[in-house]
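Mapping of the sequence shown onto numbering that gives the first Met the number 0: residues 0 to 247, in sequence order. Here a beta-carbon is modelled for each residue, glycine too, at the ideal position from N, C-alpha and C. These numbers come from a predicted model, not from an experiment. Notes follow once the structure below has been shown.
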Amino acid sequence: MDYKEAAIFVQNYVVSSLIEDQIIKKKVDAFEHVRKMLNIKPKYKAYLIAKRIIDIVFALLGIMVLSPIFVVIFILLKVDSPHASVIFAQERVGRYGQHFKIYKFRSMIPNAEQVLKSNPELYQKFVASGYKLPTNEDPRITKLGVFLRKSTLDEIPQFWNMLRGDMSLVGPRPVVQEELKEYGDRVDIFLSVRPGALGLWQASGRSLIEYPERTDIELEYVANAGFWYDIGIVFRNLIAIFKSKGAY
């Protein structure tokens with residue numbers, strides 16, 4: 000091996016080592032918040048176990064009790080759009096950066112994503128508004144979909160996500176990959192907990208609250224997560240759902 004080849008070898012080794020170090024550091028950082036919580040709060044581990052049990056029980060009860068509503072919504076969606084899927088699945092980012100499919104009753108036209116991206120101005124507004132659009136400005140939402148969203152009935156299939164362990168009853172709202180940039184260098188803290196069907200952001204105003212304020216609210220939950228804190232958030236969400244606050 001001559002000097003030139005040796006130099007190239009060393010350069011490649013250093014670069015690959017740096018990249019590997021960054022990957023390892025990111026994985027370690029993703030667990031750092033939970034590790035600190037377990038050390039600082041001895042009861043935090045018990046809370047996580049109890050929370051998972053509650054999620055499973057609540058999801059099973061929800062599926063059984065609300066099954067008649069499932070059937071009614073299924074029929075209405077099929078009458079509204081006979082050839083479209085009843086369930087809408089979208090990829091979201093969950094705990095520790097793991098991707099999963101979140102399930103909802105379909106509230107949009109079948110080619111919703113193409114319709115949105117075909118209008119650059121509208122798509123830019125969609126991104127700037129925290130990946131949401133007011134119902135009266137969103138060409139993707141069906142008339143039945145407006146009702147489902149206002150009543151939050153479109154979220155019912157997320158009981159399945161809770162049962163699988165993708166989501167919890169209470170936690171930060173799961174985001175799409177593009178939204179992670181909104182959390183900057185605090186993204187690992189955001190991803191250190193299981194996302195939830197109900198959360199502090201939804202209770203505080205949901206779609207009325209955009210980034211960066213939403214970032215602070217979601218991270219406030221991560222910092223204060225606990226049994227009684229979760230109970231308070233559930234009740235606040237029920238009030239927000241009853242008032243249709245920020246639901247679109």
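query                                                                                                                   : result
Nonlocal neighbours in the same chain, by C-beta distance under 8 Å from residue 94, ignoring five residues either side : 190, 191, 192, 193, 194
Stretch pair the segment 157-175 + the segment 100-113: three plus CB contacts closer than 8 Å                          : yes
Nearest-angstrom beta carbon gap, residue 198 and residue 169 [assumed within contact, 8 Å]                             : 6 Å
For residue 102, the first and last residue of its enclosing beta strand (DSSP E)                                       : 98-104
At least three beta-carbon pairs within less than 8 Å, the segment 42-55 to the segment 113-124                         : no
9 Å Cβ cutoff met for residue 228 and residue 200                                                                       : no
Beta-carbon proximity check, residue 173 vs residue 92, cutoff 9 Å                                                      : yes
Own chain residues within Cβ distance below 8 Å of residue 63, not counting five before or after                        : none
Separation of residue 141 from residue 71, as counted between CA atoms                                                  : 17 Å
Cβ-based neighbour list, residue 20, same chain, cut-off 7 Å, excluding 5 preceding and 5 following                     : Residue placement at residue 20 is flagged as unreliable, the pLDDT there being 44, under the threshold of 50; the coordinate-derived value follows with that caveat. Within the same chain, residue 20 has no close Cβ partners at all.
Rounded Cβ spacing between residue 210 and residue 129 (contact assumed at less than 8 Å)                               : 5 Å
Proximity of residue 99 and residue 112 at Cβ, strictly below 9 Å                                                       : no
Whether residue 139 touches residue 108 by CB criterion (9 Å)                                                           : yes
Classification of residue 126 by the beta-carbon crowding that lies within 10 angstroms, buried from 16 upward          : exposed
Coarse secondary structure for residue 204, derived from DSSP in three states                                           : coil
Simplified DSSP assignment, three categories, for residue 174                                                           : strand
CB contact check: residue 175 to chain D, cutoff 9 Å                                                                    : The structure shown contains no chain D; it is built from a single protein chain.
Paired residues, beta bridge with residue 88 - DSSP                                                                     : 102
9 Å Cβ cutoff met for residue 164 and residue 54                                                                        : yes
Cα-Cα separation between residue 59 and residue 162, rounded to whole angstroms                                         : 7 Å
Exposed unless 16 or more other CB atoms sit within 10 angstroms - verdict on residue 87                                : buried
Residue environment, residue 222, which counts as buried when at least 16 other CB atoms sit within 10 Å                : exposed
Start-to-end residues for the beta strand (DSSP E) that takes in residue 168                                            : 167-169
Assumed close pair residue 188, residue 218 - CB separation to whole angstroms, cut-off 8 Å                             : 6 Å
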